[in-house]
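Trainee: Below you'll find the structure I mean.
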């Protein structure tokens, strides 16, 4: 069998575009968000970053507006894709990627720990169960990103619209909610960023075939056989290999 | 040289007429129950057993390192080069993270604008070359305002000619743009600043979320750089052993 024929089409152009749309939005939203938080007590980025961005945008009001508009575009894009392709793409993806029960989380956690340990030559002989399309580590990251994204979107909407819609002076609860939303927004973003470091490393260094499949939509059958034997079996049953 | 605006309050000249408060409320149209400045009455007993009343005209002290500016997430609280601490209403969400941070309780949520209000030394008036409304109207001449960097200004002259103190403590030691002349009497406890406080959410953000995020993101980047370096070393070692076996 020729090498070309061993490549399997696993991802359509729409899904690939959504991934890169999401990645671009994340890059811009994180950069601008870190530029919005200004006070020394509350900011995470070094002081030069908010100063630089706010100077470039002609003040923080424009930066906040740009961040919020881009956030709305991000939410709209993801929601539109999810609604339009719920049956064909979104629901199957969520079914496969979400680790929701404690037993699954523990199994996935063990897989992630062993995978990370092996990067440093540790736990070489630890037995790992065969994985499906998404490995335990990918499922944990996927779950983290999906859950955090929902919190980020909701808290972001509240942060932008609440001061315009509610009187914090009349009902202090709205102001308290605003402060909790700020905390939640930052915490959820930072959690995802911690996970994204691993995601980017594996895509760029360890499993370049995955990155390739996120560009062309095709993946090498041998790679699937080696990394995701359960998925390979499934593809075989479907006659796609 | 930049201007450095300061306010002087000679409490020995204050007669508690509160014209300053009325002028401020008129100037800024503050809602009922709120004011950007005040006169605090402090009753005590003197060393010879006589009752005494001290009057402290107060307002935002325009701290050099203003904790309200540090606590503000959006940059709405900011300090001009001339020392005046301002609030950018367009940016202020009214989240009140800055309110407990002020050791002088000088910031409050305005129920009309839904943004934070505070004394700005009447910045629009100052920019037009006028004195703040409270200074303009002070009957006893207790309040003086001007540029401390101008040696010929009245405030510079007064700074040289009298003894002045600032409202600070060991816990709130920072310098401010506001001075008081008490006629040599010690400052009563009632007018001293309380320690800088934070809302629970601000404390969690600064004390937990940000440090954990810094360590987490930094640690992950460091760990994966190390993993990448190990991978390169392992590959080179493999290539080396491959060459050796080829020579054999």
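Residue numbers (my numbering), protein chains in the order written: chain A, 2 to 242; chain B, 162 to 409.
Think of the CB as a built atom: it goes at the ideal place given N, C-alpha and C, for glycine as much as any other residue.
Just so we're clear, the structure is a prediction, and the values are computed from it rather than from any experiment.
1. Closer than 9 Å, Cβ to any Cβ of chain B: which residues of the segment 28–62 of chain A, in chain order?
2. Please go through the same chain and pick out, in chain order, the residues whose beta-carbon is closer than 7 Å to the beta-carbon of residue 210(B), but skip the five residues on each side of it.
3. Who are the Cβ neighbours of residue 213(B) in its own chain at under 8 Å, not counting the five residues just before and after it?
4. Can you tell me whether DSSP reads residue 10(A) as helix, strand or coil?
5. For residue 5(A), count neighbouring Cβ atoms within 10 angstroms of its own Cβ and tell me buried if that reaches 16, exposed if not.
6. Is it the case that the Cβ atoms of residue 323(B) and residue 197(B) are separated by a distance below 8 Å?
7. When the Cα atoms are used, what is the spatial distance from residue 41(A) to residue 9(A)?
8. Step through the CB atoms of chain A and report whether any lies within less than 8 Å of the CB of residue 172(B).
9. Count the other C-beta atoms from every protein chain shown that fall within 10 angstroms of the C-beta of residue 21(A), then say buried if there are 16 or more, exposed otherwise.
10. In the DSSP output, which residue or residues are listed as bridge partners for residue 238(B)?
11. Comparing the C-beta of residue 195(A) with each C-beta of chain B, is any distance below 8 Å?
12. Please tell me whether residue 44(A) and residue 97(A) are closer than 8 Å, where the distance is taken between their beta carbons.
13. Does residue 263(B) have its Cβ less than 8 Å from a Cβ in chain A?
14. Which runs of the alpha helix (DSSP H), 4 residues or longer, sit entirely within the segment 245–317 of chain B?
15. Within this structure, are the beta carbons of residue 330(B) and residue 353(B) separated by less than 8 Å?
16. What's the gap between the Cα of residue 313(B) and the Cα of residue 319(B)?
17. Can you give, in chain order, each stretch of the beta strand (DSSP E) that sits fully within the segment 86–161 of chain A and has at least 3 residues?
18. To the nearest angstrom, how far is the alpha carbon of residue 75(A) from that of residue 23(A)?
19. Does residue 244(B) get closer than 8 Å to chain A when you measure Cβ to Cβ?
20. State buried or exposed for residue 103(A), treating a residue as buried only when at least 16 other CB atoms are found within 10 Å of its CB.
21. Considering only their Cβ atoms, is the gap separating residue 7(A) from residue 223(A) smaller than 8 Å?
22. May I ask you to list the residues that DSSP assigns as paired with residue 199(B)?
23. Which residues in chain A have a C-beta closer than 7 Å to the C-beta of residue 254(B)? List them in chain order.
24. Can you list the residues of chain B that residue 199(A) reaches, using a CB-CB cut of under 8 Å?
25. Using a Cβ-Cβ cut-off of 8 Å, state whether residue 183(B) counts as contacting chain A.
26. Should residue 362(B) be flagged as near chain A, meaning a C-beta pair shorter than 8 Å?
27. Tell me where the beta strand (DSSP E) around residue 220(A) begins and ends.
28. If contact is defined by three or more beta carbon pairs under 8 Å, each pair taking one atom from either stretch, is the segment 187–197 of chain A in contact with the segment 363–373 of chain B?
29. Roughly how many angstroms separate the alpha carbons of residue 390(B) and residue 378(B), rounded to a whole number?
30. By Cβ distance below 7 Å, which residues in the same chain neighbour residue 317(B) in space, the five residues on each side in sequence not counted?
31. Any idea if residue 168(B) is buried or exposed, counting beta-carbon neighbours within 10 angstroms, 16 or more meaning buried?
32. Hey, residue 129(A) and residue 115(A) are a contact pair by Cβ (cut 8 Å); roughly how many whole angstroms apart?
33. Alpha carbon to alpha carbon, how far is residue 230(B) from residue 69(A)? Give it in angstroms, no decimals.
34. Mind checking if residue 3(A) is an interface residue toward chain B, Cβ cutoff 8 Å exclusive?
35. In angstroms, rounded to a whole number, what distance separates the CA positions of residue 226(A) and residue 31(A)?
36. Going by CA-CA distance only, name the one from 124(A), 93(A), 142(A) and 163(A) that's closest to residue 109(A).
Mentor: In short, the structure shows the following:
1. 37, 38, 39, 40, 41, 42, 43, 44, 45, 51, 55, 60, 61 and 62
2. none
3. 204, 205, 206 and 207
4. strand
5. With a pLDDT of 46 at residue 5(A), under the threshold of 50, the modelled position of that residue is not reliable, and no figure is offered here.
6. no
7. 51 Å
8. no
9. exposed
10. 248(B)
11. yes
12. no
13. no
14. 284–288 and 294–298
15. yes
16. 10 Å
17. none
18. 7 Å
19. no
20. exposed
21. yes
22. 219(B)
23. 164 and 179
24. 381 and 385
25. no
26. yes
27. 219–221
28. yes
29. 18 Å
30. 309 and 311
31. buried
32. 6 Å
33. 23 Å
34. With a pLDDT of only 46 at residue 3(A), under 50, the local geometry of the prediction cannot be trusted, and no value is derived from it.
35. 36 Å
36. 142(A)
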